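S.K.: In this note's numbering, the protein residues as written are 11 to 229. Just so it is clear, CB atoms sit at the ideal spot from N, CA and C, and this is done for glycine as well. Keep in mind that this is a model prediction, so the values were computed, not measured. Below is the structure I would like to discuss, written out as structure tokens.
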């Protein structure tokens with residue numbers, strides 16, 4: 011295994027940072043022959059990778075699965091960070107840039123982004139558990155139908171920021187399948203067909219799950 015790039019320094023008092031802790035965990039996984047969440051064995055561990063165009067740059071673990079390299083990019087935080095309103099703004103912005111920018115090193119099919127915090131809040135953990143439970147089956151449209159008001163705050167964030175990048179074709183097909191279950195959803199899906207952006211997709215979902223804080227305008 012290789013280690014590259016700048017290693018974070020200890021604090022003036024010699025304290026170990028959260029990044030050191032996560033890096034140590036990755037090293038232990040490698041030494042024990044266990045993988046991390048992207049699968050495969052750890053081949054390379056890099057820190058402070060902003061110069062390599064990774065916006066989530068605290069730690070980058072590269073694994074090998076047969077002939078495919080997979081990367082796990084981690085933003086390491088020394089406190090809880092996640093609140094009742096969801097993920098912190100800084101991490102959400104960094105993740106979005108990696109997901110959408112033209113020169114991104116992030117490969118959607120194989121790489122993963124992680125926020126490493128010092129524990130989690132109960133209300134967030136409950137919502138996250140619901141998302142994982144809903145997404146565990148084969149019927150994704152049913153999973154959307156089960157989402158609660160707390161979970162749909164994610165959709166409101168996307169809609170409010172007016173993200174105008176086009177959604178992947180697979181996501182568009184999923185939304186069409188979900189909309190087909192109710193004739194009243196055809197108005198929104200018609201607008202989405204003309205402007206298949208993340209913003210419009212989020213507004214459709216907010217309307218379909220009955221989230222009362224956002225009113226569909228079709229604009």
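1) Would you report the Cα separation of residue 120 and residue 48, rounded to the nearest angstrom?
2) Does the distance from the CB of residue 83 to the CB of residue 64 come in under 7 Å?
3) Give a yes or no on whether the C-beta atoms belonging to residue 114 and residue 108 are separated by under 7 Å.
4) Using the C-alpha atoms, what's the distance from residue 209 back to residue 90?
5) Using a 10 Å radius around the Cβ and a threshold of 16 neighbouring Cβ atoms, would you call residue 31 buried or exposed?
6) Taking just the CA atoms, how far does residue 173 sit from residue 211?
7) Assuming residue 86 contacts residue 126 under a Cβ cut-off of 8 Å, what Cβ separation, rounded to an integer in Å, is found between them?
8) Alpha carbon to alpha carbon, how far is residue 179 from residue 35? Give it in angstroms, no decimals.
9) Could you give the DSSP three-state label for residue 295: helix, strand or coil?
10) Distance, Cα to Cα, residue 75 vs residue 29?
11) Between the alpha carbons of residue 92 and residue 186, how many angstroms are there, rounded?
12) Output the residue ranges of the beta strand (DSSP E) runs that lie fully inside the segment 36 to 121 and measure 3 residues or longer, sorted by chain position.
13) Taking the alpha helix (DSSP H) that residue 203 falls in, what are its first and last residues?
14) Would the beta-carbon of residue 73 fall within 7 Å of that of residue 50?
15) Let me make sure I understand the geometry here. Which of 207, 57, 128, 217 has the alpha-carbon closest to that of residue 71?
16) In whole angstroms, what separates the C-alpha of residue 27 from that of residue 176?
17) Roughly how many angstroms lie between the CA atoms of residue 139 and residue 218, to the nearest whole one?
18) Would residue 66 pass as a contact of residue 128 if the rule is Cβ separation under 7 Å?
M.R.: In this structure, then:
1) Taking the first residue of the chain shown as 1, we reach residue 120 at position 110. Taking the first residue of the chain shown as 1, we reach residue 48 at position 38. Taking the CA atoms as reference points, residue 120 sits about 7 Å from residue 48.
2) One-based indexing of the chain shown puts residue 83 at position 73. One-based indexing of the chain shown puts residue 64 at position 54. Yes, Cβ-Cβ distance for residue 83 and residue 64 is below 7 Å.
3) The residue given as residue 114 occupies position 104 in the chain shown. The residue given as residue 108 occupies position 98 in the chain shown. Closer than 7 Å, so yes.
4) Taking the chain shown and counting its residues from 1, one reaches residue 90 at position 80. Taking the chain shown and counting its residues from 1, one reaches residue 209 at position 199. If I take the Cα positions, the gap works out to 29 Å.
5) Along the chain shown, one-based indexing puts residue 31 at 21. That one is exposed.
6) Within the chain shown, numbered from 1, the residue matching residue 211 stands at position 201. Within the chain shown, numbered from 1, the residue matching residue 173 stands at position 163. Straight-line Cα distance between these residues: approximately 10 Å.
7) Counting from 1 along the chain shown, the entry for residue 86 is found at position 76. Counting from 1 along the chain shown, the entry for residue 126 is found at position 116. 5 Å between Cβ atoms; contact.
8) Indexing the chain shown from 1 puts residue 35 at position 25. Indexing the chain shown from 1 puts residue 179 at position 169. Using only the alpha carbons, I get a separation of about 37 Å.
9) This structure cannot settle anything about residue 295, because the visible part of the chain is limited to 11 through 229.
10) Mapped onto the chain shown, residue 75 falls at position 65. Mapped onto the chain shown, residue 29 falls at position 19. Roughly 25 Å separates the two Cα atoms.
11) The sequence position of residue 92 within the chain shown is 82, counting from 1. The sequence position of residue 186 within the chain shown is 176, counting from 1. Each residue's Cα considered, the two are about 32 Å apart.
12) 51 to 57, 69 to 75, 78 to 86
13) Numbered from 1 along the chain shown, position 193 holds the residue referred to as residue 203. Unbroken alpha helix (DSSP H) run through residue 203: 196 to 204.
14) If you number the chain shown from 1, residue 73 lands on position 63. If you number the chain shown from 1, residue 50 lands on position 40. The Cβ atoms of residue 73 and residue 50 sit closer than 7 Å to each other.
15) Position 61 of the chain shown, counted from the first residue, corresponds to residue 71. Nearest of 207, 57, 128, 217 to residue 71, Cα basis: 57.
16) Within the chain shown, residue 27 is the residue found at index 17, counting from 1. Within the chain shown, residue 176 is the residue found at index 166, counting from 1. Going by the C-alpha atoms only, they are around 38 Å apart.
17) If you number the chain shown from 1, residue 139 lands on position 129. If you number the chain shown from 1, residue 218 lands on position 208. Spanning the alpha carbons of residue 139 and residue 218 requires a straight line of approximately 22 Å.
18) Against the chain shown, residue 66 aligns to sequence position 56. Against the chain shown, residue 128 aligns to sequence position 118. Contact: no.
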